[in-house]
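Q:
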DNA sequence: GGCGGGGTCAACCGATCGGTTGACCCCGGG
DNA sequence: CCCGGGGTCAACCGATCGGTTGACCCCGCC
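Residue numbers (full-length UniProt numbering), protein chains in the order written: chain A, 1 to 198; chain B, 1 to 198.
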C-alpha cells in the first residue's frame, strides 16, 4: 500500500528535488505538485492524495496555513514541511488541521517516517514544539503591530483602526511587555524575527 | 566530462532532494554535501569539486557569502542557489566571487544549465538582477540600523558606537531618506524586509 | 588642486512617544 | 453568578524623537 503524495512548494527546484527524493523511496508515490496554495487546493480535490506535503511560505496568494485549512480532512492529510519552527507557525498550522509538522532541516528518514505516519492519521512533530513559550499576541495587538511596522504614529494608527489614541497606547504597552521590548522599533524587530507579521 | 558537484545547504531534506535530483541528471555527479559554511569550506578543499552549489542562508556559523569568499577560485566555481533575490544579497555574493546566482524558484532545467555554465566559468544570473535600484546604505548607516533594531534610543546608539547623539540623528535622517520612511519603526520594518540586517 | 562622498558634530524647535493609573464594557467559562 | 480576558478610553507627565540648517574633516579621484 503505497502512499500517494501531493507536493506544494513555491520553489520549483525544491519541488523537483523532493519529487526525485520521494520517487526513490519505497511505498511512496508522488501524484502531483503545486506551486501555490490555490493550485494545491484545486489539485488536492482532483487527485485526492493520501498526504499533501505543504510548505507554509508560498510567496503570493494564500499561505500554507490557509491552504491547509481548505485541504485537510480524514481522507487527505496535510503534513507541513517548512523552514521555521516559530511556535506561532506551528500552532496555526495544527489549528488549521495539519496532521504533522516537520522541518526541512530534518533528516530525510524522518520525512519518510512522517509521511507514512501522516497517511495513517498519526501525528508527527519535529523537535520539541513548545520552545519559546512566548505569550501569544491577540488579534488586535497584531493589528496594531502591523500598522506600527508601516511606520505610523499613534494618532495615525488610531485613525486607521477606528479607535482612540489612548487605546493604541494601551495596546502598545501590552505588546512591549509580551515581546520583551520597550520601544516601537524594538517591537517591529522582534515581530519580524518571530515572523508575526507578513 | 561530468561536472563534480558539492552541495551546501543547512536543510538536510533539501540537500537530499537536490542530490536525488542532480543524481538523475546526465553529466552531473554529486561528490559531497555540507550542512554549514565551515563544513563546505573544508570539504571543498578536500574533494575539489568543479562547482559548489551554495545556499546563502545557513542558519548558524558563517553565511553563504563568507563561505563563497573562502571557496571561490578558477578551479572551484561557486553557484549560489538561494531563496531571495534582494539586490544586496546578489551584489554581495558576486562580490565574494560567486560565478552565478540562481533562485530556488527557478525551473530545474535552468539549474542544470547554470551548473554546466558555472563549470566552464560562465556566469548565470537568475532574473533581471537590478530590480529595486535602491540606494545602498553605507557601512555606518548599517551600524546605526543594527542598533536601531535592538530598540535603542539615540543616546544609547551614540554611546554604543562612540559618536555623538547629533551624528546619530544625521545618519538616521539619511537612512529614512534612502529607505523611504520617516520613523524608526518603519526603518526597521523595511530593513528586515530587504534583509539588510542579520 | 579642486571636488564630492562619507562621517562627524551642534543647536534649535515642536510633535510625538513611553509610562502610569484608573476606569468601563462585553463576553465566555467555571 | 461572578470572575477574568480582551478591548476600549482618559488624563497626565517627562523624555525622546524627527527635522532643519550649517559646519568641519578626511579621503579618494578626476
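Every residue gets a Cβ at the ideal spot worked out from N, C-alpha and C, and that includes glycine.
(1) Taking C-alpha atoms, which residue in 16(B), 169(B), 145(B) lies nearest to residue 186(A)?
(2) Closest to residue 255(A) by C-alpha separation, out of 119(B), 148(B), 109(B), would be which residue?
(3) What are the boundary residues of the beta strand (DSSP E) that residue 54(B) is part of?
(4) Do you know whose CA, among 156(A), 116(A), 12(A), lies nearest residue 107(B)'s CA?
(5) List the residues that DSSP assigns as beta-bridge partners of residue 206(B).
(6) Classify residue 48(A): buried if its beta carbon has 16 or more other beta carbons within 10 angstroms, exposed otherwise.
(7) Is the CB-CB distance between residue 70(A) and residue 29(A) below 8 Å?
(8) Between which two residues does the alpha helix (DSSP H) harbouring residue 91(A) extend?
(9) Within a Cβ cutoff of 6 Å, which residues of the same chain sit near residue 100(B), ignoring the five residues on either side of it in sequence?
(10) Starting from residue 101(A), follow the beta strand (DSSP E) in both directions and report where the run begins and ends.
(11) Helix, strand or coil for residue 152(B)? Go by DSSP, reduced to three states.
(12) Quick one: what does DSSP say residue 58(A) is sitting in, helix, strand or coil?
(13) If you run the structure through DSSP and keep just helix, strand and coil, what is residue 13(A)?
(14) For residue 22(A), which residues from the same chain have a beta carbon less than 7 Å from its beta carbon, with the 5 sequence-adjacent residues on both sides left out?
(15) Which two residues bound the contiguous beta strand (DSSP E) that contains residue 78(A)?
(16) State the CB to CB distance for the pair residue 20(A) and residue 17(B), rounded to an integer number of angstroms; the pair is presumed to be in contact (CB under 8 Å).
(17) Among 159(B), 90(B), 138(B), 176(B), which residue has its Cα nearest to the Cα of residue 54(B)?
(18) Where does residue 124(B) sit, in a helix, a strand or coil, going by DSSP?
(19) When the cut-off is 8 Å and only beta carbons count, does residue 169(A) lie next to chain B?
(20) Please list, in chain order, the chain A residues whose beta carbon lies closer than 7 Å to that of residue 116(B).
(21) With distances taken from CA atoms, which of 83(B), 121(B), 85(B), 172(B) is nearest residue 98(B)?
(22) Let me make sure I understand the geometry here. Which of 52(B), 64(B), 138(B), 75(B) has the alpha-carbon closest to that of residue 174(B)?
(23) Enumerate in chain order the residues of its own chain whose CB-to-CB distance from residue 92(A) is below 6 Å, with the five nearest sequence positions on each side excluded.
(24) So is residue 178(A) in contact with chain B if we call contact Cβ pairs under 8 Å?
(25) Can you tell me which of 75(B), 42(B), 191(B) puts its alpha carbon nearest to the alpha carbon of residue 50(B)?
(26) Is the CB of residue 24(A) under 8 Å away from at least one CB in chain B?
A: On the basis of the data shown:
(1) 145(B)
(2) Chain A is shown from 1 up to 198; residue 255(A) falls before or after that span and cannot be answered.
(3) 51–54
(4) 12(A)
(5) One cannot answer for residue 206(B) here, as it falls past the ends of chain B, which runs 1 to 198.
(6) exposed
(7) no
(8) 87–95
(9) 79, 114, 118, 123, 124
(10) 100–103
(11) coil
(12) coil
(13) helix
(14) 5, 28, 30
(15) 77–82
(16) 6 Å
(17) 90(B)
(18) strand
(19) no
(20) Those do not exist, as residue 116(B) stays about 16 Å from chain A at its closest Cβ, beyond 7 Å.
(21) 121(B)
(22) 138(B)
(23) 65
(24) no
(25) 75(B)
(26) yes
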